[in-house]
Amino acid sequence: MKLLEDRIRAQGIVKAGNVLKVDCFLNHQLDVALFREMGREWKRLFADRPIDKILTIEASGIALACMAAEAFGDCPVVFAKKAQSVNVDGDVYSVKIESFTHKRVYDVFVSQKYLGPEDHVLIIDDFLANGMALEGLAEIVRLSGATLEGIGIAIEKAYQGGGKAIREKGIRVESLARIAAMDDLTGEVEFVEA
Ligand code: 5GP
1 MKLLEDRIRA QGIVKAGNVL KVDCFLNHQL DVALFREMGR EWKRLFADRP IDKILTIEAS
61 GIALACMAAE AFGDCPVVFA KKAQSVNVDG DVYSVKIESF THKRVYDVFV SQKYLGPEDH
121 VLIIDDFLAN GMALEGLAEI VRLSGATLEG IGIAIEKAYQ GGGKAIREKG IRVESLARIA
181 AMDDLTGEVE FVEA
């Protein structure tokens with residue numbers, strides 16, 4: 001998506017440790033008009049799928065998921081919550097996810113009230129790196145018995161391999177910007193050719 005790629009080129013900051021900072025429009029200050037366009041693009045890409053629920057993870061996925069939900073006809077958004085530990089008392093789906101940016105393991109959970117076998121789910125998230133967050137969300141969908149229709153990502157660091165591993169499982173992943181390489185010394189970001 002050219003709009004997003006242009007914004008990353010203009011305002012993304014490549015940090016040491018393989019982290020792209022996009023705080024000024026995606027992770028701290030939010031460009032709602034850009035998010036609206038991103039929501040419409042995911043709707044265009046997944047127009048053939050009967051999506052009726054959007055699943056994401058707190059915190060940065062929530063706003064993106066809400067804009068996507070609007071494009072999909074105001075379907076409900078459910079976000080997985082992060083906790084230090086979860087009392088698995090039978091009324092939540094719970095998985096462990098290792099955070100790429102914070103290098104720690106979170107328990108992540110969704111109430112069974114909000115996800116079940118009747119749901120057709122699109123997962124939305126801000127970044128795809130090693131794929132741990134998405135593998136966890138996909139596992140929550142599997143535990144719930146819902147149908148995973150696909151995954152919509154804002155920025156995929158394609159060279160990290162998470163997307164490849166998830167696509168090899170037969171899950172459809174649509175990323176709006178796919179980074180082929182980035183360099184923290186020059187600040188340059190290269191995108192995968194569409
Ligand atoms: P994964 O689980 O795919 O390795 O990492 C995905 C999560 O880590 C995303 O939800 C995002 O919060 C965070 N993340 C991974 N790489 C980056 C990055 O380069 N920049 C930012 N801002 N977040 C990242």
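If you count the sequence shown from 1, position 22 lands on 22 in the working numbering, and the numbers rise without skipping. C-beta atoms are modelled at their ideal positions from N, C-alpha and C, and glycine is treated no differently.
- Residue pairing for M182: DSSP places it in a beta bridge opposite V189.
- Placement of the Cβ of S175 at a distance of 7 angstroms or more from every heavy atom of the ligand 5GP is found.
- Contiguous beta strand (DSSP E) elements confined to the stretch 79–149 occur at 92–98, 105–111 and 120–128, taking only those with 3 or more residues.
- In this structure L128 touches E156 by the C-beta definition: roughly 4 angstroms separates them, less than 8 angstroms.
- Taking the CA atoms as reference points, R36 sits about 25 angstroms from V19.
- Every unbroken stretch of the beta strand (DSSP E) spanning 3 or more residues and falling wholly within the stretch 9–82 is given here in chain order: 13–15, 19–21 and 53–57.
- A distance below 7 angstroms between beta-carbons, with the five flanking residues on each side excluded, links C66 to the following residues of its chain, in chain order: V77.
- In terms of CA proximity to A59, A83 leads the group A47, A83, D52 and L4.
- Taking E193 as reference, the option from G116, Y93 and A180 with the minimal CA-CA separation is A180.
- For G163, the enclosing alpha helix (DSSP H) starts and ends at G162 to E168.
- Scanning V95, M1 and V189 for the CA closest to the CA of R44 turns up M1.
- Taking one beta carbon from each stretch, the stretch 123–142 and the stretch 165–184 have 3 or more pairs nearer than 8 angstroms; the two touch.
- When rounded, the separation of the alpha-carbon atoms in D125 and Q160 is 16 angstroms.
- Relative to the ligand 5GP, the nearest heavy atom lies less than 7 angstroms away from the CB of L134.
- V141 is classed as buried because its beta carbon has at least 16 other beta carbons within 10 Å across all chains shown.
- Under the three-state reduction of DSSP output, A194 falls in the coil class, being neither helix nor strand.
- The ligand 5GP never approaches V192 closely enough for any of its heavy atoms to be under 7 angstroms from the residue's Cβ.
- DSSP lists I179 as the beta-bridge partner residues of K157.
- Rounded to the nearest angstrom, the Cβ distance from L4 to A154 is 7 angstroms, consistent with a contact under 8 angstroms.
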